[in-house]
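Residue numbers (my numbering), protein chains in the order written: chain C, 1 to 246; chain D, 1 to 120. Glycine residues also receive a C-beta, built at the ideal position from the N, C-alpha and C atoms. Because the structure is a prediction, the values reported are computed rather than measured. Here the structure is laid out as structure tokens; the discussion comes afterwards.
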Amino acid sequence: MLRAELAISYIIERMGEVLVSTASTDGVFWLVITLLAYAVALKVFRALSGHPLVHPLTITSCIVGLVMWLSDASAGSYRENAALLQWLLGPATVALAVPMFNQWQKIRQLGAPLIISVAVGGIVAPLLAWGVIYLTSAPLAIQMTMLVKSITSPLAMETGAAIGGIPALAAVFVILTGIVGALAAPLTYRTLAVTLPEAQGVALGAVCHAVGTSKALQMGEVQGALATVGLGLNGILTAIILPLFF
Amino acid sequence: MHIMSTVTGWLIITGCYLLGEFIVQMASIPLPGALIGLLLLLAGLLLRQRPAVAISRGAQPLLTHMSVLFVPAVIGVGLFWDEVRQNALGITLALVATTIIALGFTAWVAQYLMHRKEQR
Numbered sequence: 001m002l003r004a005e006l007a008i009s010y011i012i013e014r015m016g017e018v019l020v021s022t023a024s025t026d027g028v029f030w031l032v033i034t035l036l037a038y039a040v041a042l043k044v045f046r047a048l049s050g051h052p053l054v055h056p057l058t059i060t061s062c063i064v065g066l067v068m069w070l071s072d073a074s075a076g077s078y079r080e081n082a083a084l085l086q087w088l089l090g091p092a093t094v095a096l097a098v099p100m101f102n103q104w105q106k107i108r109q110l111g112a113p114l115i116i117s118v119a120v121g122g123i124v125a126p127l128l129a130w131g132v133i134y135l136t137s138a139p140l141a142i143q144m145t146m147l148v149k150s151i152t153s154p155l156a157m158e159t160g161a162a163i164g165g166i167p168a169l170a171a172v173f174v175i176l177t178g179i180v181g182a183l184a185a186p187l188t189y190r191t192l193a194v195t196l197p198e199a200q201g202v203a204l205g206a207v208c209h210a211v212g213t214s215k216a217l218q219m220g221e222v223q224g225a226l227a228t229v230g231l232g233l234n235g236i237l238t239a240i241i242l243p244l245f246f
Numbered sequence: 001m002h003i004m005s006t007v008t009g010w011l012i013i014t015g016c017y018l019l020g021e022f023i024v025q026m027a028s029i030p031l032p033g034a035l036i037g038l039l040l041l042l043a044g045l046l047l048r049q050r051p052a053v054a055i056s057r058g059a060q061p062l063l064t065h066m067s068v069l070f071v072p073a074v075i076g077v078g079l080f081w082d083e084v085r086q087n088a089l090g091i092t093l094a095l096v097a098t099t100i101i102a103l104g105f106t107a108w109v110a111q112y113l114m115h116r117k118e119q120r
């Protein structure tokens with residue numbers, strides 16, 4: 001009983017913090033700036049018929065960064081002021097159940113090849129990245145953080161902390177991995193002649209988590225649904241397995 | 001009516017998220033609440049066996065505009081600028097080269113396995 005009360009009060013406290021920082025003058029200002037920047041980014045993205053270099057996330061971040069530079073705002077205060085956007089990632093992650101449900105028949109039909117593919121992506125991506133960062137003799141905390149770069153941010157931050165990485169840096173690596181993957185996916189797939197929508201989707205989801213999934217959703221519903229499966233399965237597997245090793 | 005069902009759907013989705021958070025906190029499971037919420041919603045939809053219009057409508061804006069929700073995390077790069085700059089070469093190589101290799105390799109393996117299954 002006490003435990004339930006603690007859990008509820010923790011959740012309410014966090015929602016309260018988000019609301020308080022959003023309802024402040026700075027909170028409203030940065031929310032409006034971010035949404036305006038996003039509206040511009042969408043216009044640009046559509047005008048250039050969805051070229052990966054002008055991904056809405058890249059353009060929005062550049063505009064917000066520019067306004068921050070002009071107004072001398074720090075990254076820390078922006079994150080606090082824009083807490084509502086970060087919080088909404090929770091419901092957005094849950095919403096991924098909808099495309100998964102819509103494609104459930106397809107997922108069941110694919111069965112083992114799907115799960116093996118996710119496992120391949122989930123093992124190869126972090127090990128390669130860790131190998132490279134190990135060779136450049138980066139600090140241990142950065143090495144550990146690299147291991148979680150392919151899974152979705154909220155999962156990566158918690159898992160990263162559990163194995164001795166830096167949670168906030170994990171979020172950054174995750175995002176950069178996603179952007180690189182979303183940018184490189186069309187050319188990579190063309191070069192390797194990967195034309196099967198299911199394969200395109202599952203790789204984006206398993207290797208490039210949510211940013212890759214939003215790219216996959218843009219490529220088509222099948223790609224989007226399989227990316228969701230890749231993201232979900234890989235996230236669960238990595239979050240369970242990694243802490244066992246460290 | 002349209003807006004009402006979108007709002008209802010959104011509330012159900014958010015409810016699943018909060019329930020997921022609650023379960024995680026309550027049982028101290030080392031998994032994110034959002035993931036448990038996703039599994040709860042998926043289980044609910046599968047048990048119901050028919051498409052839920054309200055939930056699809058509520059999910060749509062969240063899925064379409066997910067990109068903007070990552071902006072705070074991207075801006076967060078600024079907080080770790082020193083660590084990132086000191087290890088710039090390794091981090092760039094690890095993020096750019098290995099992501100592309102892993103993405104291509106995974107997609108290629110997936111296509112190979114799925115084609116083979118179809119041919120059987």
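Practice item. Determine the chain D residues that contact Ser214 (chain C) at a beta-carbon separation under 7 Å, and present them in chain order. Key: By one-based count along the first sequence, residue 214 (chain C) stands at place 214. The contacting residues are Met66, Ser67.
task: Determine whether the Cβ of Gly15 (chain D) lies closer than 7 Å to any Cβ atom of chain C.
output: Here the question's residue 15 (chain D) lines up with position 15 in the second sequence. Not an interface residue.
I'd like the list of long-range same chain contacts for Met100 (chain C), defined as Cβ closer than 8 Å, with 5 residues on each side in sequence excluded.
By 1-based counting over the first sequence, the position of residue 100 (chain C) is 100. For Met100 (chain C), where only same-chain residues beyond five positions count, the Cβ hits under 8 Å are Ile107, Ala225, Thr228, Val229, Gly232.
Close-in-space but distant-in-sequence residues of the same chain around Trp10 (chain D) (CB under 7 Å, 5 per side omitted):
Counting from 1 along the second sequence, the entry for residue 10 (chain D) is found at position 10. Hits under 7 Å: Gly58.
Chain D within 7 Å of Gln105 (chain C), Cβ atoms only: If you number the first sequence from 1, residue 105 (chain C) lands on position 105. Taking Cβ atoms only, chain D never reaches closer than 7 Å to Gln105 (chain C), which makes this a no.
Original post:
What does Ser250 (chain C) reach in chain D if we use C-beta pairs closer than 7 Å?
Top reply: Nothing can be reported for residue 250 (chain C): it is not among the residues displayed for chain C, which extend from 1 to 246.
### Query
Going by the beta-carbon positions, is the gap between Ala290 (chain C) and His55 (chain C) smaller than 7 Å?
No statement about residue 290 (chain C) is possible, as the shown extent of chain C runs from 1 to 246 and does not include it.
* **Element boundaries [alpha helix (DSSP H), containing Leu85 (chain C)]** => Locating residue 85 (chain C) in the first sequence gives position 85, where the first residue counts as 1. It spans 83–95 - the alpha helix (DSSP H) in which Leu85 (chain C) sits, taken as one unbroken run.
- Query: Under 7 Å between C-beta atoms, does Thr238 (chain C) make it to chain D?
  - Reply: Here the question's residue 238 (chain C) lines up with position 238 in the first sequence. No - not a single Cβ of chain D is within 7 Å of the one on Thr238 (chain C).
message: Mapping the DSSP letters down to three states, classify Asp72 (chain C) as helix, strand or coil.
response: As a first step, residue 72 (chain C) is located in the first sequence; it is residue number 72 there, counting from the start. Reduced to three states, the DSSP call for Asp72 (chain C) is coil.
Discussion item. Would you say Gln86 (chain C) lies against chain D (beta-carbon separation less than 7 Å)?
Written reply: As a working note, residue 86 (chain C) is residue 86 in the first sequence. Closer than 7 Å: yes.
Cβ-Cβ distance between Trp30 (chain C) and Asn81 (chain C) below 7 Å: Residue numbering aside, residue 30 (chain C) sits at position 30 when the first sequence is read from its first letter. Residue numbering aside, residue 81 (chain C) sits at position 81 when the first sequence is read from its first letter. Cβ distance < 7 Å, so Trp30 (chain C) and Asn81 (chain C) count as in contact.
Original post:
How about Tyr38 (chain C) and Thr58 (chain C): do their beta carbons lie closer than 7 Å?
Top reply: Locating residue 38 (chain C) in the first sequence gives position 38, where the first residue counts as 1. Locating residue 58 (chain C) in the first sequence gives position 58, where the first residue counts as 1. No.
message = Tell me the rounded alpha-carbon separation between Gly16 (chain C) and Tyr10 (chain C).
response = Reading the first sequence from its first residue, position 16 is the one you call residue 16 (chain C). Reading the first sequence from its first residue, position 10 is the one you call residue 10 (chain C). Gly16 (chain C) and Tyr10 (chain C): Cα-Cα distance of roughly 10 Å.
With distance defined between alpha-carbon atoms, name the residue in C:Gly27, C:Leu217, C:Glu13, C:Ala171 nearest to Phe22 (chain D).
One-based indexing of the second sequence puts residue 22 (chain D) at position 22. Comparing Cα positions, the closest option is C:Glu13.
Ignore the nearest five residues each way along the sequence and tell me which others in Ile68 (chain C)'s own chain have a CB closer than 7 Å to its CB.
Locating residue 68 (chain C) in the first sequence gives position 68, where the first residue counts as 1. Sequence inspection shows Met at residue 68 (chain C); the Ile mentioned does not correspond to that position. Excluding positions up to five away in sequence, the list reads Tyr78.
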